[in-house]
Each structure stands twice: as structure tokens, then as C-alpha cells.
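Everything in the sequence shown is counted per numbering that gives the first Met the number 0, starting at 0 for the first residue and increasing by one. Positions of the beta carbon are idealized from the N, C-alpha and C atoms, including for glycine. Here the structure comes first, spelled out in C-alpha cells, and everything after it is commentary.
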Amino acid sequence: MRGLGDYRRGVCFQLLVTFDAARDPARPETLFTIAAVIAAMGTMGVKDRRAVSELIVRLREDGYVTTERAAHDRRVVELRATDKAREADREWIEVLHRPMTILAPDEARFRPGAQRDPTYQWAYRATALATLPHAGAVMAGHPEADYFVRQTQGARIMMTLMQAVRGRPDLRTDPGFYSWAAERCGVSAQHIRKVMAGAETRGWIAVSGGKGAIIEVSPALDAGVRRWSAACFSLIDLNNRHAWALLSEAGPEAASVAGF
């Protein structure tokens, strides 16, 4: 999933599989067209149309997107998720749901997601459009996480930093953060340095130790990431409840009809 770690690329990918699961050929407004993806990406804070078009091209080149003419109007080009995209999405959903099985071990409703169940995947994605405005609000309402996540591999960098100070009263990493964080996150040490410089400018960290950098996380960043994590878990829980409601109404066979 590392290739989908970029914020804009990851959001575009999730919109692709979400629209694909929710599509109804008889309802043109549910189809994932260029206009639909531009509007949805704008909701998530990505308003550059050219950048969105480039994202679609890259996803297509990587085998995640195919195109077809819409049945209701042959002039309309519809974007469809490929089997490769659905397979990658099952891994993504597993990553989202495994923490939920730890936080709520007695809640069986999270297990299908953690086990990559295709039927549950369809229901989870088919109902995700309803939570899209909430997702945008979560990012806008948590500036600390929003800053990191929008960087290349930013979510991994942020979590690597927070794991490094977990349980430490002084919230300080071991020396050499730039080098070992770069190795773990699959980016250059220079990129880690740049991301940390931006965080330091915002007052969220303090850097010391020269080349053997030690990062001290501020209480504000620590609390902000915790609040963001809780909000994300709450959103997963909400989407999960919607998914089970859909499965109760439509039945598992609906997933097969949709191609999942």
C-alpha cells in the first residue's frame, strides 16, 4: 500500500472504490465521472483540477482504474475500479479495522473488515459516501494531523514519530530520528528533515542533537494526534454501522451483483 500513501493519491483511490461500490447504472449521479471526482476531491481539500486529472492518469497507469462509456449517455466517461484496486482496498480496510478489533474485542462486527471479507468491503464502501463530509471535517478540525498527512508518506512519518515517544514522559525520541524514520517510511532523510522543520515552525516539536537529531514532541502535538486518532476511529465505527445496516437490508447477494 506504500504507493497509495500520498494524501491526494490515497483520497482519490478511496473515492474510486467508494463510488464503484455505490454505483447504480440507472442513476447517473452515482457514477464516478471526471466531474464527480473533482467535486469529491474538493470536499477533501484538493481543489486543483489539473492535479486531480494527473492523479487519475497515475492510478490508471498503475492498473487501478479503467474507463468505459456510461450506459445512459455514451458521451460520458465513467471511471471504474479494477480487480487490482479492489484487492488493494481490502488490504486498506484491514488496516483500518485491525485497531478496532483491539479496541473492541467483543464487537464481532469489525472482524470481517480485518479479515478482508469482500461482501463486507462492498457494504463498507457503498455506504462511505454518506460519511465523506465527516471525513473532510475530521481533517479540517485537526490541524496537527492535517499538516503531517498532507506530506508525502506523512501519515507514516507522523505515526513513526508518535510511536518513538510512546510511554516516554519527556516525549523525546532516541538520537538519529531522521535516518531511521527515513528507512522505515521509505523516504529520504532530507524529506524527514523538511517535514520536521515545518512542524518545528508551527511549534509542535523541538529538534536538538545536530545530525543525530532528537525530536521532542510538544504536549499540543501529542494531544492533537490523539484527538485525530479518536475521531478517525469514530468515523470507522459510524461507517461500519452503516455497512451492517445495508447488509441487513440488501443481503449478501447484493455484493455479488456489484462484482465484489
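Open item on the list: Can you confirm whether the stretch 235-243 touches the stretch 98-116 when touching is taken to mean that 3 or more C-beta pairs between the two stretches lie within less than 8 Å?
Closed with: Yes, the stretch 98-116 is in contact with the stretch 235-243.
Task: Sheet register partners of serine 233 (DSSP bridge) - done: As a first step, residue 233 must be located in the sequence shown, where it is residue number 234. Bridge partners of serine 233: none, in fact.
- [ ] Take the Cβ of histidine 71 as the centre, count every other Cβ of all protein chains shown within 10 Å, and call the residue buried at 16 or more, exposed below.
- [x] Here residue 71 refers to the residue found at position 72 when the sequence shown is read from its first residue. Counting other Cβ atoms within 10 Å of its Cβ, histidine 71 stays below 16 and is therefore classed as exposed.
Open item on the list: Which complete beta strand (DSSP E) runs does the stretch 160-229 hold, if anything under 3 residues is left out?
Closed with: At a cut-off of 3 residues, the continuous stretches assigned as beta strand (DSSP E) that sit fully inside the stretch 160-229 are 204-207 and 213-216.
TODO: List the endpoints of the continuous alpha helix (DSSP H) containing alanine 38.
DONE: Here residue 38 refers to the residue found at position 39 when the sequence shown is read from its first residue. First-last of the alpha helix (DSSP H) with alanine 38: 33-42.
- [ ] Would you mind stating whether isoleucine 191 and isoleucine 213 have Cβ atoms separated by less than 8 Å?
- [x] Counting from one through the sequence shown, the residue named residue 191 turns up at place 192. Counting from one through the sequence shown, the residue named residue 213 turns up at place 214. Cβ distance not < 8 Å, so isoleucine 191 and isoleucine 213 don't count as in contact.
TODO: Can you check DSSP and say which residues form a bridge with aspartate 23?
DONE: Here residue 23 refers to the residue found at position 24 of the sequence shown. In DSSP, aspartate 23 forms a bridge with Arg26.
- [ ] Rounded to whole angstroms, what's the CA-CA distance from leucine 58 to tryptophan 91? Just pull it up for me.
- [x] As a working mapping, residue 58 is identified with position 59 in the sequence shown. As a working mapping, residue 91 is identified with position 92 in the sequence shown. Between the C-alpha atoms of leucine 58 and tryptophan 91 there is a straight-line separation of about 16 Å.
Task: Top-ranked residue by Cα proximity to phenylalanine 31, from Asp19, Asp88, Gly202 and Gly185 - done: Working through the sequence shown from its first residue, we reach residue 31 at position 32. Nearest option by C-alpha distance: Asp19.
Open item on the list: On the criterion of 16 or more Cβ atoms from any shown chain inside 10 Å, does glutamine 152 qualify as buried, or is it exposed?
Closed with: By one-based count along the sequence shown, residue 152 stands at place 153. With 16 or more other Cβ atoms within 10 Å, it is buried.
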